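One structure below.
Residue numbers (my numbering): 19 to 421.
Now the structure itself:
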């Protein structure tokens with residue numbers, strides 16, 4: 019059974035995601051669509067608006083046959099590690115292709131950029147290090163590195179967010195396996211960071227912003243998301259009482275930073291170059307997450323990089339643990355969040371050929387990465403009431419969703 023993988027967050031699942039699944043299936047000729055999805059915290063260092071179970075269920079009703087969880091340590095990381103965990107896990111479950119959305123829409127441009135960067139990697143690395151040492155952020159230093167090696171005219175624009183992520187996918191595919199074909203489709207009608215809904219295909223950023231502003235699902239949001247997503251958003255809100263955002267976590271973050279000594283803060287993954295001093299200094303007088311971030315951000319530290327670091331502080335992710343897990347040569351397992359009958363049939367055939375364990379519940383395997391998953395879930399549900407917290411943590415050890 020031919021399979022195509024997609025790398026997703028579904029925060030929340032919207033019409034653009036449905037189009038992505040449909041076009042990926044069509045372009046790849048796949049019989050089975052496999053999504054690998056971030057769990058409670060996401061690549062930009064944000065809590066997911068609703069939990070992974072409700073997001074997975076929306077995906078399974080909208081074209082995905084199997085939803086796997088991208089482990090937390092890869093999910094809350096920059097593009098190279100995010101891509102590493104995603105691509106390698108999909109390769110291990112036997113996908114024939116990985117299809118991603120991009121501003122380019124042409125896989126030839128990605129291949130051209132890859133070949134050129136391989137040939138000029140020494141110059142790129144030298145320019146990158148130079149500008150990082152001068153205090154520039156990684157995205158800006160990387161952009162100057164690309165300028166220095168003069169990408170060919172037929173390659174992609176590596177200042178665009180989805181192109182950057184797509185290039186990381188292609189790099190990981192080319193480095194890890196010859197059995198997976200990279201594919202891309204052009205992103206439709208909106209940009210990744212758009213904050214305003216302008217039609218039936220809108221960015222997840224604009225949808226979340228509107229949901230949090232209105233505190234309910236109004237007409238413009240309804241037009242941009244499938245009915246199953248409306249149902250999942252409403253069900254979660256009615257049961258849990260909230261949609262998650264950073265402001266809910268600010269009191270917990272403030273408590274942790276204020277009660278940790280600087281030496282312990284320095285051991286947290288992402289707290290580098292004296293950031294612990296700035297964290298301590300700025301959080302004392304902040305009264306909201308937005309205010310804190312506005313004071314904390316500098317030319318060197320992007321908003322996204324800081325948010326990832328703050329998630330690691332909440333969860334207590336140490337540099338030592340993160341380094342050990344991120345250096346593993348292959349994923350230690352693949353965890354199923356949900357599947358359709360079609361996805362179950364695929365796994366029944368494929369699991370015999372897999373080199374890594376396939377798990378449906380975390381208690382099936384003893385691994386430090388799964389211990390970290392439990393801590394991430396505990397941090398995510400910390401903002402819910404005590405009874406609900408107990409219930410949702412029990413769900414973490416339950417079986418996958420089947421639709």
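Where a beta carbon is used, it is the ideal one built from N, C-alpha and C, also for glycine. Note that the coordinates shown come from a computational prediction; the quantities given were computed from them, not determined experimentally.
Point to revise | First and last residue of the uninterrupted beta strand (DSSP E) at residue 118 | key: Your numbering for residue 118 matches position 100 in the chain shown. Here the beta strand (DSSP E) through residue 118 covers 115 to 120.
Review point. Are the segment 313 to 331 and the segment 353 to 371 in contact at 8 Å, needing three or more beta carbon pairs?
Key: Not touching, per the Cβ criterion.
Exercise for review: Have a look at residue 407 and residue 126 and give me their C-alpha separation to the nearest angstrom.
Suggested key: Taking the chain shown and counting its residues from 1, the one referred to as residue 407 is at position 389. Taking the chain shown and counting its residues from 1, the one referred to as residue 126 is at position 108. Computed Cα separation, rounded: 48 Å.
Check your understanding: Which residues in the same chain have their Cβ closer than 8 Å to the Cβ of residue 380, if we skip the five residues on either side of it in sequence?
Key -> Translated into the one-based positions of the chain shown, residue 380 becomes position 362. Around residue 380, the same chain offers 353, 388, 391, 392, 414, 415 as residues with beta carbons nearer than 8 Å, after the five sequence neighbours per side are excluded.
Exercise for review: Only counting runs of 3 or more residues, tell me where the beta strand (DSSP E) segments fall wholly within the segment 80 to 134, in order along the chain.
Suggested key: If only complete runs of 3 or more residues are kept, the segment 80 to 134 shows the beta strand (DSSP E) at 84 to 88, 115 to 120, in order along the chain.
Check your understanding: Whole-angstrom Cβ separation of residue 65 and residue 263, contact assumed at under 8 Å?
Key -> Here residue 65 corresponds to residue number 47 of the chain shown, with the count starting at 1. Here residue 263 corresponds to residue number 245 of the chain shown, with the count starting at 1. Confirmed, Cβ separation roughly 7 Å.
Exercise for review: Please report how far the alpha carbon of residue 298 lies from the alpha carbon of residue 149, in whole angstroms.
Suggested key: Counting from 1 along the chain shown, the entry for residue 298 is found at position 280. Counting from 1 along the chain shown, the entry for residue 149 is found at position 131. Cα to Cα, the separation comes out at about 27 Å.
Check your understanding: Buried or exposed: residue 245, going by 16 or more other Cβ atoms within 10 Å of its Cβ?
Key -> Within the chain shown, the letter at position 227 stands for residue 245. By the C-beta density criterion, residue 245 is exposed, having fewer than 16 other C-beta atoms within 10 angstroms.
Review point. Since residue 158 sits in a beta bridge, which residues does DSSP pair it with?
Key: Position 140 of the chain shown, counting from 1, holds the residue named residue 158. Residue pairing for residue 158: DSSP places it in no beta bridge.
Exercise for review: Indicate whether residue 287 and residue 335 have their beta-carbon atoms separated by less than 8 Å.
Suggested key: Numbered from 1 along the chain shown, position 269 holds the residue referred to as residue 287. Numbered from 1 along the chain shown, position 317 holds the residue referred to as residue 335. In this structure, residue 287 sits near residue 335, with a CB-CB distance shorter than 8 Å.
Exercise for review: Assign residue 252 to buried or exposed, taking buried as 16 or more other Cβ atoms, counted over all protein chains shown, within 10 Å of its Cβ.
Suggested key: Counting from one through the chain shown, the residue named residue 252 turns up at place 234. Label assigned to residue 252: exposed.
Review point. So, do the segment 118 to 132 and the segment 165 to 183 have three or more beta carbon pairs nearer to each other than 8 Å?
Key: A contact exists between the segment 118 to 132 and the segment 165 to 183.
Point to revise | Exposure of residue 276, with buried meaning 16 or more beta-carbon neighbours within 10 Å | key: Position 258 of the chain shown, counted from the first residue, corresponds to residue 276. Counting Cβ neighbours within 10 Å, residue 276 comes out exposed, since fewer than 16 surround it.
Point to revise | Residues of its chain near residue 113, where Cβ-Cβ distance is below 7 Å and the 5 sequence neighbours each way are ignored | key: Counting from 1 along the chain shown, the entry for residue 113 is found at position 95. So the qualifying residues of the chain are 21, 22, 23, 52, 198.
**Study point:** Bridge partners - residue 420, DSSP secondary structure assignment
**Key:** Counting from 1 along the chain shown, the entry for residue 420 is found at position 402. In DSSP, residue 420 forms a bridge with 357.
**Study point:** Sequence-distant residues of its chain with Cβ nearer than 6 Å to residue 168 (five each side left out)
**Key:** Taking the first residue of the chain shown as 1, we reach residue 168 at position 150. Around residue 168: no qualifying Cβ.
Point to revise | beta strand (DSSP E) runs wholly inside the segment 19 to 92, at least 3 long, in chain order | key: Taking only runs of at least 3 residues, the beta strand (DSSP E) segments lying wholly in the segment 19 to 92 are 21 to 26, 50 to 56, 84 to 88.
Review point. What are the residues that DSSP puts in a beta bridge with residue 352?
Key: Locating residue 352 in the chain shown gives position 334, where the first residue counts as 1. Bridge partners of residue 352: 376.
Practice item. Have a look at 305, 36, 238, 243 and flag the residue whose alpha-carbon is nearest the alpha-carbon of residue 273. Key: Translated into positions along the chain shown, residue 273 becomes position 255. For the options 305, 36, 238, 243, the alpha carbon positioned closest to that of residue 273 is the one of 305.
Practice item. Using DSSP bridges, identify the partner residues of residue 336. Key: Sequence index remark: in the chain shown, residue 336 carries index 318 (1-based). Per DSSP, the beta bridge partners of residue 336 are 286.
Practice item. Closer than 6 Å by C-beta to residue 190: which residues in its own chain qualify, once you throw out the five before and the five after it? Chain order, please. Key: Stepping through the chain shown from its first residue, residue 190 is reached at position 172. Excluding positions up to five away in sequence, the list reads 101, 102, 105.
Exercise for review: Might you give, ordered along the chain, the residues of its own chain that have their beta carbon closer than 6 Å to the beta carbon of residue 48, omitting 5 neighbours on each side?
Suggested key: The residue labelled residue 48 in the question sits at position 30 within the chain shown. Sequence-distant partners of residue 48 (beyond 5 residues in either direction) whose C-beta falls short of 6 Å from its own C-beta, in its chain, are 20, 21, 22.
Exercise for review: Could you check which residue in 154, 92, 160 has the C-alpha nearest to that of residue 139?
Suggested key: Residue numbering aside, residue 139 sits at position 121 when the chain shown is read from its first letter. Proximity to residue 139 across 154, 92, 160 peaks at 160, based on C-alpha coordinates.
Exercise for review: Taking only the alpha-carbon atoms, compute the straight-line gap between residue 154 and residue 178 and give it to the nearest angstrom.
Suggested key: If you number the chain shown from 1, residue 154 lands on position 136. If you number the chain shown from 1, residue 178 lands on position 160. Answer to the nearest angstrom: the Cα atoms are 18 Å apart.
Exercise for review: Give a yes or no on whether the C-beta atoms belonging to residue 130 and residue 173 are separated by under 8 Å.
Suggested key: The sequence position of residue 130 within the chain shown is 112, counting from 1. The sequence position of residue 173 within the chain shown is 155, counting from 1. In this structure, residue 173 lies closer than 8 Å to residue 130 by Cβ.
Point to revise | Distance between residue 230 and residue 236 (C-alpha atoms, nearest Å) | key: Within the chain shown, numbered from 1, the residue matching residue 236 stands at position 218. Within the chain shown, numbered from 1, the residue matching residue 230 stands at position 212. About 11 Å.
Point to revise | Candidates 99, 300, 116, 34, of which the one nearest residue 45 by Cα | key: Taking the chain shown and counting its residues from 1, the one referred to as residue 45 is at position 27. Of the listed residues, the one whose Cα sits closest to residue 45 is 116.
Point to revise | Span of the beta strand (DSSP E), counted from its first residue to its last, around residue 141 | key: Along the chain shown, read from residue 1 onward, the residue named residue 141 stands at position 123. Counting along the chain, residue 141 falls outside any beta strand (DSSP E), though it belongs to the alpha helix (DSSP H) covering 139 to 151.
Practice item. Hey, could you find the ends of the beta strand (DSSP E) residue 202 is sitting in? Key: In the chain shown, counting from the first residue as 1, residue 202 sits at position 184. Residues 199 to 204.
**Study point:** Segment contact, 8 Å Cβ cut-off, at least three pairs: the segment 317 to 325 with the segment 72 to 79
**Key:** At 8 Å Cβ cutoff, the stretches do not touch.
Point to revise | Where residue 297 falls: helix, strand or coil (DSSP) | key: To locate residue 297, count along the chain shown from 1; it is residue 279. Residue 297 falls in the helix class under three-state DSSP.
Point to revise | Among 223, 345, 91, 420, the one whose alpha carbon lies nearest that of residue 363 | key: On the chain shown, residue 363 is found 345 positions in, with the first residue counted as 1. When only C-alpha atoms are compared, the closest one is 420.
Point to revise | C-beta contact flag for residue 225 and residue 243 at 8 Å | key: Your numbering for residue 225 matches position 207 in the chain shown. Your numbering for residue 243 matches position 225 in the chain shown. Residue 225 places its beta carbon less than 8 Å from that of residue 243.
Exercise for review: Use the C-beta contact count for residue 247: other C-beta atoms within 10 angstroms, 16 or more gives buried, fewer gives exposed.
Suggested key: Along the chain shown, read from residue 1 onward, the residue named residue 247 stands at position 229. Counting Cβ neighbours within 10 Å, residue 247 comes out buried, since at least 16 surround it.
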